[in-house]
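Structure first, then comments.
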Amino acid sequence: MSKRKFDLDSELIFEASKKKPNTFEGKKHSLDSDEEDEVEDNGVLHPDDIEGEEEGVSRQEEGNRMTAFNMNEEMEEGHFDNQGNFIWTNDKTIRDNWLDNVEWHKIKNDPNSQYILTDSAAELAEDSNSSDTEQFDEIKNYEGMLELMKPGETVNKALNRLGGSNKKLSSVERLKKKKAGTLIENEDVTKLTALANQNLTSLGNMDVYQETYEAISKKVCIRSIVKEIQWMQKTTCLLMTSIALITRNHPVLKL
């Protein structure tokens, strides 16, 4: 090979090596960019990366109402992380708009308002929300229910009878009347419902609303007898203990 040809080949190889990119530096730069993106994202998925989102409003297709998939409202309540999980915003307070608009001071001071909680109903509500340490009196609870029931009635039938005109209302109609302040709540209905719910939560009696007047009367009778026997046993035990102490310390009887 001539020296001239060797020099020409060497020059071509040198020029080619100058044009070849540095793959290591490119990869390093790419890794650095990824790290910067992760720091900037803070684990939050960018809205542009959400697939399937559409712009527009709801429309009708073949008789069915179709709503465009738009995440603007949802993103106001939280965000998606990089794994696609939706994270709710914890500092958002959920409020009831209807409750916010009710002027309770006017209702409380209006003698003609039908939306008033009576004193007895308020006391029952406080009793039902009392602490668990307070002992539940089963006999007193059943006796209170019997005062509002008639022979042959179940608790449900008694509630229907006491409810009067409200017993035929559907749940939606009842809710509308309650929000409008026109639902007349019978005090006896409130009391019987509170007693039944207290029985349900305290004793776990799932059939309390189906129990008849006669069945409840029988329970009261049995519980009263058992309670009386327990009281007599306790009294007898205390009496025997007292006699033993007196006999032991008496100068004549101890002989």
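Numbering (UniProt numbering), first residue to last: 1 to 255.
Heads up, the beta-carbon is just placed ideally off N, CA and C, and yes, glycines get one too.
These numbers come from a predicted model, not from an experiment.
Problem set entry | 7 Å Cβ cutoff met for asparagine 199 and asparagine 141 | Against the sequence shown, residue 199 aligns to sequence position 199. Against the sequence shown, residue 141 aligns to sequence position 141. Contact flag set, yes.
Exercise. So, helix, strand or coil for glycine 152, using DSSP?
Worked result: Position 152 of the sequence shown holds residue 152. It is coil, neither helix nor strand.
Exercise. Per DSSP, what kind of secondary structure is glycine 78 in: helix, strand or coil?
Worked result: For this step, residue 78 is matched to residue 78 along the sequence shown. DSSP, read as helix, strand or coil, puts glycine 78 in strand.
Exercise. Over what stretch of residues does the beta strand (DSSP E) that includes phenylalanine 86 continue unbroken?
Worked result: Along the sequence shown, read from residue 1 onward, the residue named residue 86 stands at position 86. Taken as a continuous stretch (DSSP letters only), the beta strand (DSSP E) holding phenylalanine 86 covers 86-88.
Exercise. Taking the alpha helix (DSSP H) that methionine 145 falls in, what are its first and last residues?
Worked result: Taking the first residue of the sequence shown as 1, we reach residue 145 at position 145. Methionine 145 -> alpha helix (DSSP H) spans 138-147.
Problem set entry | Contact under 7 Å by Cβ, isoleucine 216 with leucine 148 | For the purposes of this step, residue 216 is taken as the residue at position 216 of the sequence shown. For the purposes of this step, residue 148 is taken as the residue at position 148 of the sequence shown. Not closer than 7 Å, so no.
Problem set entry | Spatial distance of serine 202 from phenylalanine 86 (CA atoms) | Position 202 of the sequence shown, counted from the start, is the residue given in the question as residue 202. Position 86 of the sequence shown, counted from the start, is the residue given in the question as residue 86. Looking at the two C-alpha atoms, the distance is approximately 39 Å.
Problem set entry | Collapsed DSSP secondary structure at threonine 23 in the structure displayed | Mapped onto the sequence shown, residue 23 falls at position 23. Here the model assigns threonine 23 a pLDDT of 48, short of 50, so the residue's position is not dependable, and the following value carries that caveat. Helix, per DSSP.
Problem set entry | Given leucine 192 as reference, the closest of Lys157, Gly152, Ala180 once Cα atoms are compared | What you label residue 192 is simply residue 192 of the sequence shown in a count that begins at 1. Closest by alpha carbon: Lys157.
Problem set entry | Range covered by the alpha helix (DSSP H) that runs through aspartate 208 | Here residue 208 refers to the residue found at position 208 of the sequence shown. It should be pointed out that residue 208 corresponds to valine in this sequence rather than to aspartate. No alpha helix (DSSP H) contains valine 208, which DSSP labels as neither H nor E.
Exercise. If we ignore side chains and look at the alpha-carbon of each, how far apart do serine 242 and isoleucine 229 end up?
Worked result: Locating residue 242 in the sequence shown gives position 242, counting from the first residue. Locating residue 229 in the sequence shown gives position 229, counting from the first residue. In a straight line, the C-alpha of serine 242 is about 20 Å away from that of isoleucine 229.
Exercise. Around the C-beta of leucine 238, are 16 or more other C-beta atoms found within 10 angstroms, so that it is buried, or is it exposed?
Worked result: Within the sequence shown, numbered from 1, the residue matching residue 238 stands at position 238. Exposed, by the Cβ-count rule.
Exercise. Is it the case that the Cβ atoms of tyrosine 209 and alanine 196 are separated by a distance below 7 Å?
Worked result: Your numbering for residue 209 matches position 209 in the sequence shown. Your numbering for residue 196 matches position 196 in the sequence shown. Cβ distance < 7 Å, so tyrosine 209 and alanine 196 count as in contact.
For this session: Answer with buried or exposed for glutamate 214, where buried requires no fewer than 16 other C-beta atoms within 10 angstroms of its C-beta.
Result: Taking the sequence shown and counting its residues from 1, one reaches residue 214 at position 214. Answer is exposed; the Cβ neighbour count stays below 16.
For this session: Tell me whether glutamine 83 sits in a helix, a strand or coil according to DSSP, three-state version.
Result: By 1-based counting over the sequence shown, the position of residue 83 is 83. Note: glutamine 83 maps to coil in three-state DSSP.
For this session: Assign leucine 162 to buried or exposed, taking buried as 16 or more other Cβ atoms, counted over all protein chains shown, within 10 Å of its Cβ.
Result: Position 162 of the sequence shown, counted from the first residue, corresponds to residue 162. Under this definition leucine 162 is a buried residue.
Exercise. Comparing alpha-carbon positions, which option in Ile246, Glu138, Gly84, Thr236 lies nearest cysteine 221?
Worked result: In the sequence shown, the residue the question calls residue 221 occupies position 221. Between cysteine 221 and the set Ile246, Glu138, Gly84, Thr236, the nearest pair of CA atoms involves Glu138.
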